[in-house]
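Peer 1: The following block contains the structure, expressed as structure tokens.
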Amino acid sequence: MSAPIRKLDSLTVVVPGLNEEENLAFLYAELIRVLGNQEWKLDILFVDDGSTDGTLRVCRELNVRDSRFQYVSLSRNFGHQIALTAGLDLSCGRAVVTMDADLQDPPEVVLEMIKLWEQGVDVAYGQRRTHQNIPFFKRFTAQIFYRLLRFMSDVPIPMDTGDFRLIDRRVMDQLKTMREQGRFIRGMVSWIGFEQRPVLYDRPGRHQGNTKYPLFRQIRLAWAGISAFSSWPLRMATMTGILFSLMAFVMVIYYIARKIYFDDFTKGWASIMVAIFAVGGVQMFFIGIVGEYLAKTFEELKGRPLYIVRETSGSLLPQSSSTGKVTH
Ligand code: UDP
Ligand code: MG
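Taking the working numbering, the leading residue of the sequence shown gets 178, the next gets one more, and so forth.
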């Protein structure tokens, strides 16, 4: 490792959470233990993503106890990526760390990220070396997804990397200008560029509670990533169309030749039905894909705010506005 070229003076840790009542106090204690008594000024910024358990109550209590713990509570559940955006918008540290509330992203790893930052790295992202206590199915689907995305994406998005990363202020300033609705933050950060480096770590299981990312939410996130960073599905439609047209052309020639030379046709009802269904199915599938992109375009066109704030802790007056529209 080379020598540090800069010193960190302030750090904001942004943690989005949905119904994380059981983890919050422990998370706070761990963050303070590892990152609290250091040479930088620490802020913890928790985003309550419309929790229905006691999360907001614990937030208020922690904030009264320690003003380094700040929170913002959204008016309903907007989803992990939007909650993360709300936290990033309000963060003010020279470097910002994003992590999950369930302690699957160990605070110790942040120290390594800070070391990299001090050497001039702009983004240090946690890359999973191993997983513990994560169901096989979830691990398997995630791994397939990361590889598929890497293959399809127009910008290289690192594999086995979630939303555990340290981001420098200059990258943050760029990220804040990107206000698209379909948000896949790890891809957006990759797209910005500058110096980005992995920090390998072993990912433990959840501290308490159940996953807030059931399969259908995972699929939604996967589609957000693919549709925002790849035109592959649309390109596939074109390629399949060309392939089928070529096949049809060859078939026409073959049948004409056969008619001329052999004239031995039996009535091919079955093959016709199969062809109709196959071609019809493929067409419907790709019309669906076109529709998906169209729906996304419509979402973006509406230009709605990304989120709405219900409540914030005292010193967190929204610097931009309470509706997630950052103006510059
Ligand atoms: N989360 C959130 N809003 C949601 C779903 C999840 O803020 O709608 C938070 C959740 O509380 C956690 C993080 O996103 O802090 C990652 O979720 P989780 O740990 O449930 O996902 P997993 O690790 O199982 O993929
Ligand atoms: Mg988790």
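Glycine included, every Cβ here is placed at the ideal spot set by N, Cα and C.
#1: Does Ile182 pass the burial test, meaning 16 or more other C-beta atoms within 10 Å, or should it be called exposed?
#2: Give the single residue among Val235, Val224 and Ser179 whose Cα lies nearest to the Cα of Ala206.
#3: Tell me whether the beta-carbon of Leu377 lies closer than 8 Å to the beta-carbon of Gln281.
#4: Spell out the partners DSSP gives Pro284 in its beta bridges.
#5: Quick check on DSSP: helix, strand or coil for Leu222?
#6: Is Arg360 near the ligand UDP - that is, is its Cβ less than 7 Å away from at least one heavy atom of it?
#7: If you draw a straight line from the C-alpha of Gln385 to the C-alpha of Ala455, how long is it?
#8: Is there at least one non-hydrogen atom of the ligand UDP closer than 7 Å to the beta-carbon of Arg507?
#9: Restricting to Cα atoms, I'd like to know which of Met276, Arg245, Asn254 and Val348 is closest to Val298.
#10: Quick check on the burial criterion: 16 or more other C-beta atoms within 10 angstroms. Buried or exposed for Thr189?
#11: Is DSSP giving Ala272 helix, strand or coil here?
#12: Distance, Cα to Cα, Ser492 vs Asn240?
#13: What separation, rounded to the nearest whole angstrom, lies between the Cα atoms of Ser497 and Phe223?
#14: Going by C-alpha to C-alpha distance, which of Thr474, Leu392 and Pro391 sits closest to Ala405?
#15: Can you tell me the Cα-Cα spacing of Pro193 and Gln351, whole angstroms?
#16: Is there at least one non-hydrogen atom of the ligand MG closer than 7 Å to the beta-carbon of Thr307?
#17: Suppose the cutoff is 8 Å on Cβ atoms and the five residues either side in sequence are ignored; what does the same chain contact list for Ser268 look like?
#18: With Pro381 and Gln309 assumed to form a contact (beta carbons below 8 Å), what rounded beta-carbon distance in angstroms separates them?
#19: With a threshold of 7 Å, establish whether the CB of Pro193 neighbours any heavy atom of the ligand GTP.
#20: Report yes or no: do three or more beta-carbon pairs, one from the region 332-345 and one from the region 277-297, lie closer than 8 Å?
#21: Relative to the C-alpha of Ala319, which residue among Gln258, Asn254, Gly370 and Arg397 is closest?
#22: Rounded to the nearest angstrom, what separates Asp294 and Val287 at their Cα positions?
#23: Could you spell out where the beta strand (DSSP E) holding Gly386 opens and where it closes?
#24: Per DSSP, what are the beta-bridge partners of Phe246 in this structure?
#25: Which whole runs of the alpha helix (DSSP H) in the region 308-389 are 4 residues long or more, in chain order?
#26: Identify whether Gln258 lies in helix, strand or coil by the three-state DSSP scheme.
#27: Given 7 Å as the limit, tell me if Thr388 has its C-beta closer than that to any heavy atom belonging to the ligand MG.
Peer 2: Looking at the atomic coordinates:
#1: Exposed, because fewer than 16 other Cβ atoms sit within 10 Å of the Cβ of Ile182.
#2: Here the closest residue by C-alpha is Val235.
#3: Their beta carbons are not under 8 Å apart, which means Leu377 does not touch Gln281 by this criterion.
#4: Answer is none; Pro284 lacks a bridge partner.
#5: In the three-state reduction of the DSSP assignment, Leu222 falls in the strand class.
#6: No, since every heavy atom of the ligand UDP falls outside the 7 Å radius drawn around the Cβ of Arg360.
#7: Our two residues, Gln385 and Ala455, have alpha carbons roughly 48 Å apart in a direct line.
#8: For the chain, the structure presents residues 178 to 505; residue 507 sits outside this window and is missing.
#9: Nearest in C-alpha terms to Val298, of all of Met276, Arg245, Asn254 and Val348, is Val348.
#10: Counting every other CB atom within 10 Å of its CB across the protein chains shown gives Thr189 a total of 16 or more, marking it as buried.
#11: Note: Ala272 maps to strand in three-state DSSP.
#12: If I take the Cα positions, the gap works out to 10 Å.
#13: Reliability fails at Ser497, whose pLDDT of 47 lies under 50, so the model's placement of it is uncertain and the value that follows must be treated cautiously. For Ser497 and Phe223, the distance between alpha carbons rounds to 18 Å.
#14: Of all alpha-carbon atoms in Thr474, Leu392 and Pro391, the one lying nearest the alpha-carbon of Ala405 is that of Thr474.
#15: Those two C-alpha atoms are separated by around 20 Å.
#16: Exclusion of Thr307 from the 7 Å shell around the ligand MG follows from its C-beta lying no nearer than that to any non-hydrogen atom of the ligand.
#17: The answer, listed in chain order, is Thr189, Val191, Asp220, Leu222 and Met349.
#18: Taking the Cβ atoms as the reference, Pro381 lies roughly 5 Å from Gln309, within the contact range of under 8 Å.
#19: The ligand GTP is absent from the structure shown, which contains only the ligand UDP and the ligand MG.
#20: Yes, they touch.
#21: Of the listed residues, the one whose Cα sits closest to Ala319 is Arg397.
#22: It is worth fixing the name first, because residue 294 is Trp in this sequence and not Asp. Each residue's Cα considered, the two are about 10 Å apart.
#23: Unbroken run through Gly386: none, as it is neither H nor E.
#24: Bridge partners of Phe246: Ile221.
#25: Within the region 308-389, the complete alpha helix (DSSP H) runs of at least 4 residues are 313-329, 346-354 and 362-369.
#26: Note: Gln258 maps to helix in three-state DSSP.
#27: Yes, Cβ of Thr388 sits closer than 7 Å to a heavy atom of the ligand MG.
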